[in-house]
Each structure stands twice: as structure tokens, then as C-alpha cells.
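Asks: This is the structure, below, for whatever I ask next.
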């Protein structure tokens, strides 16, 4: 299991830090979170590209998790590993993304307060399954959503960094 692999790596590399990248939200079990919390050389860094937070968009993306499961996951991480750094990657402008879906995403970002966040605008190509979906978002709307996410994250990152002043 992933948690046992992390524990073995921590034991083998006892004089080095270990950090895993691009974890899938469904692979971060309580055992993984506990393993990170219990090993000083496992970096408390959770890089989880969730893509979106609105259930209709996640379903169209073929994700098997939803808004509430993501909130629960991030709450469990912050509770069990208070010093955890959480990073994600999002896509805005995915076909069918409504204003309400985007508002859900923005509220989610406000709630979780990611330490690091990357966002991309949906990029269409004829060979993608999503190309056949209805409701393609106008590129200018997608760009304005991108800009709004990045502006919000800049404020959140500023607050997170200000809270670090004086800490080692």
C-alpha cells in the first residue's frame, strides 16, 4: 500500500527528506496521512491535483470524488498534520462549467486556503473525449475565471506567508 511504501522510504532514507508529488485524492487515505504525520523525514506536503470542486464538472471530468469528499479530505489532512502544506491544480473553462460551478470553485478555494495553487484554462482538442461535450466555455470567460482564481490565490498566499513571519 502507499502508506507502507512511504513508511519504508522514511526508514530507508532516515537522513533525507521524502516528498511525494501528484497524489490522487482517492489515494490519500487516513493511513497515508497518519504515516506522514508520524515520520519527521516525510515532508508534510500534499500535492493533490483535484481539477475542480463543483460536482457537475467533476462528474464530466470522470472523477470519482465530489465536493464533500474533497472538503473532508482536506479537513482530515489539516487536523492530523496541522503544519501540512497543501497544493493543488485546477482547470477552469471545462465544457459545461457554469457560473454557479465557478462560484462553487471559488468558495472551495476560500474554504481550503491552499498554500500553493496552479490553474489552467481548458484546452480543447478534437481527440479529447471532452471535445464532444456540450457547453464549451468561451475562451475569454475561461481566461477571466483563470484571472479571478489567481487573484484570489495571491491574496490567500499572502495571508499564509504573513502567518509564517517569525517561524523557522
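Numbering (my numbering), first residue to last: 412 to 579.
Cβ atoms here follow ideal geometry from the backbone N, Cα and C, with glycine treated the same way.
1. Could you tell me the alpha carbon to alpha carbon distance between residue 432 and residue 417, rounded to whole angstroms?
2. What do you reckon, are the CB atoms on residue 450 and residue 502 nearer than 8 Å?
3. What is the DSSP secondary structure of residue 456, counted as helix, strand or coil?
4. Taking the alpha carbon of residue 485 as the reference point, which residue from 514, 504 and 437 has its own alpha carbon closest?
5. Can you tell me whether residue 529 is helix, strand or coil according to DSSP?
6. Are the beta-carbon atoms belonging to residue 421 and residue 453 less than 8 Å from one another?
7. Beta carbon of residue 521, beta carbon of residue 468: below 8 Å?
8. Would you grab the beta carbon distance between residue 506 and residue 546 for me? Rounded to a whole angstrom, and I think it's under 8 Å.
9. Three-state secondary structure (DSSP) at residue 503?
10. Buried or exposed: which applies to residue 481, given that a residue is buried once 16 or more other Cβ atoms fall within 10 Å of its Cβ?
11. Quick check on the DSSP output: what are the complete beta strand (DSSP E) runs of length 3 or more inside the stretch 439-485, in order along the chain?
12. Specify whether the stretch 561-577 and the stretch 532-552 touch according to this definition: at least 3 beta carbon pairs, one from each stretch, less than 8 Å apart.
Replies: Walking through what the data contain:
1. Counted from its first residue, the chain shown places residue 432 at position 21. Counted from its first residue, the chain shown places residue 417 at position 6. If you take the alpha carbons of residue 432 and residue 417, they lie about 12 Å apart.
2. Taking the chain shown and counting its residues from 1, the one referred to as residue 450 is at position 39. Taking the chain shown and counting its residues from 1, the one referred to as residue 502 is at position 91. Not a contact, by the Cβ cut-off of 8 Å.
3. In the chain shown, the residue the question calls residue 456 occupies position 45. In this structure, residue 456 counts as strand in the three-state DSSP scheme.
4. On the chain shown, position 74 is the one that residue 485 refers to. Closest by alpha carbon: 437.
5. As a working note, residue 529 is residue 118 in the chain shown. If DSSP states are grouped into helix, strand and coil, residue 529 belongs with the strands.
6. Indexing the chain shown from 1 puts residue 421 at position 10. Indexing the chain shown from 1 puts residue 453 at position 42. The answer is yes: Cβ separation under 8 Å.
7. Here residue 521 corresponds to residue number 110 of the chain shown, with the count starting at 1. Here residue 468 corresponds to residue number 57 of the chain shown, with the count starting at 1. It is not a contact, given that the beta carbons lie outside the stated cut-off.
8. Position 95 of the chain shown, counting from 1, holds the residue named residue 506. Position 135 of the chain shown, counting from 1, holds the residue named residue 546. Residue 506 to residue 546, Cβ: 5 Å. Contact.
9. Taking the chain shown and counting its residues from 1, one reaches residue 503 at position 92. Residue state, collapsed to three classes: strand.
10. Translated into positions along the chain shown, residue 481 becomes position 70. Classification for residue 481: buried.
11. 456-458
12. The stretch 561-577 makes no contact with the stretch 532-552, as fewer than three CB pairs between them are under 8 Å.
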